[in-house]
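Visitor: Letter by letter, the sequence shown follows residues 2 to 177 of the numbering used here. Note that the Cβ used here is the ideal one computed from N, Cα and C, for glycine as well. All values derive from a computational prediction rather than experimental measurement.
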Amino acid sequence: MAAVAFVAQFLAMGVTFSIIGNLVGPISREFGVSRASVGVAPGVSILIMGIAGPFVGRFLDRGWARRMMTAGSMLTGIGLILASYSNAMWQLAVVFVFVICVGVAMFGMLPSMSLVTNWFEHRRGLALGIAVAGATVASWVAPALAQWIIDDSDWRNALLYFGIATCLISLPGFGT
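(1) Give the single residue among P112, V103, F175, Q92 whose Cα lies nearest to the Cα of T17.
(2) When DSSP labels each residue in this structure, what does M14 get in the three-state scheme?
(3) Rounded to whole angstroms, what is the Cα-Cα separation between I150 and N88?
(4) Between the C-alpha atoms of W141 and I28, what's the straight-line distance to the nearest angstrom?
(5) Which same chain residues, not among the five before or five after M2, have their C-beta less than 8 Å away from its C-beta?
(6) Taking 6 Å as the limit between beta carbons, can you name the residues of its chain near A42, skipping five residues before and five after?
(7) By Cβ distance, which residues of its chain are closer than 8 Å to V45, with the 5 residues on each side in sequence left out?
(8) Could you spell out the range, first to last residue, of the alpha helix (DSSP H) harbouring D152?
(9) For L93 and G126, what's the separation of their Cα atoms in angstroms?
(10) Please classify A37: is it buried, with 16 or more other beta-carbons within 10 angstroms of its beta-carbon, or exposed?
(11) Roughly how many angstroms separate the alpha carbons of I165 and H123, rounded to a whole number?
(12) Cutting at 6 Å between CB atoms, please list the residues of its own chain near G73, excluding the five before and the five after it.
(13) Measuring alpha carbon to alpha carbon, tell me which of Q148, L83, L76 ends up nearest L161.
(14) Just the Cα atoms here: how many angstroms apart are M70 and Q10?
(15) State buried or exposed for S154, treating a residue as buried only when at least 16 other CB atoms are found within 10 Å of its CB.
(16) Could you check which residue in M110, A134, D152, W91 has the C-alpha nearest to that of G54?
(17) Which of helix, strand or coil does DSSP assign to V95?
The following block contains the structure:
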């Protein structure tokens, strides 16, 4: 379960907070908006995840963690794929807020921490540390990978590849 939570943290933070810095410039240039307009994404992410928290918590209390994590990771992956096809900034914003952020809330921090605390009685602190390390590792790996893809092709392919990877990696790990 600690490995599942590590992967959840890695994917959730890797495809949102960790790569936003790589995307600000290319997206602002393509859509002709200020970098600040694109840069509000992390704050919006935190807000949406906070609003979703009580709803996510209710499903966790019912014992639906793995099902919810699967659905959330698929929603995030599909959202990233949809975002890669955005033709306007408003389309990208809607997909980000209502699909990607909601999906991340469903499989990110809260569900993975709940999974670990419910599974481990002994060495719970170590298991939580392993889970949280996923986000830390993502903050190192994801930006480098995203920049490599952006330099090689463009930001759209970076989102597309991250979306596909999110679906392919998480389905076997979170699947019920």
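Guide: Taking the definition as stated:
(1) Selected option, being the one with the closest Cα: V103.
(2) DSSP places M14 in helix when its eight states are reduced to three.
(3) One alpha carbon belongs to I150, the other to N88, and they sit about 20 Å apart.
(4) Using only the alpha carbons, I get a separation of about 22 Å.
(5) Result list for M2: L116, V117, W120, F121, A128, in chain order.
(6) The beta carbon of A42 sits closer than 6 Å to the beta carbons of I21 from its chain, once the five residues preceding and following it are set aside; these are given in chain order.
(7) Here the set comprises F97, V98, C102.
(8) Where D152 is concerned, the enclosing alpha helix (DSSP H) stretches over 125-153.
(9) Cα to Cα, L93 sits roughly 38 Å from G126.
(10) Classification of A37: exposed, given that the 10 Å Cβ count is below 16.
(11) When only Cα atoms are considered, I165 and H123 end up about 36 Å apart.
(12) Cβ within range, chain order: G104, M107, F108.
(13) With distances taken between CA atoms, L161 lies nearest to L83 out of Q148, L83, L76.
(14) Using only the alpha carbons, I get a separation of about 11 Å.
(15) So S154 counts as exposed.
(16) The residue from M110, A134, D152, W91 with its alpha-carbon nearest to that of G54 is M110.
(17) DSSP places V95 in the helix class (H, G or I) of the three-state scheme.
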